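Student: In the working numbering, the protein residues as written are 67 to 113.
Note that the Cβ used here is the ideal one computed from N, Cα and C, for glycine as well.
All of these numbers come straight from a predicted model, not from anything done at the bench.
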Amino acid sequence: ASAVQFGSVLGEHWIEVFAEINSGIQNYMKQKGYSNIGEMIGNAKES
67 ASAVQFGSVL
77 GEHWIEVFAE
87 INSGIQNYMK
97 QKGYSNIGEM
107 IGNAKES
């Protein structure tokens, strides 16, 4: 998708888009056993 297409989607549905992203991050964290975002950042820096 082009930047214009992405911007158009966000313009119309930004709340739903970010809610879906947030939900996905929360599910990933639960599956991996993270209790906060800081733990994920720390692990990425160590890799």
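#1: Nearest-angstrom Cα distance between S74 and N102?
#2: Mapping the DSSP letters down to three states, classify V89 as helix, strand or coil.
#3: When DSSP labels each residue in this structure, what does S101 get in the three-state scheme?
#4: Note down the Cα distance separating N93 from V83, rounded to an integer number of angstroms.
Tutor: Per the coordinate set shown:
#1: Position 8 of the sequence shown, counted from the first residue, corresponds to residue 74. Position 36 of the sequence shown, counted from the first residue, corresponds to residue 102. So the two alpha carbons sit approximately 31 Å from each other.
#2: Here the question's residue 89 lines up with position 23 in the sequence shown. Looking at the sequence provided, one finds Ser at residue 89 rather than Val. Helix at S89.
#3: Translated into positions along the sequence shown, residue 101 becomes position 35. Coil at S101, not helix or strand.
#4: Translated into the one-based positions of the sequence shown, residue 93 becomes position 27. Translated into the one-based positions of the sequence shown, residue 83 becomes position 17. For N93 and V83, the distance between alpha carbons rounds to 16 Å.
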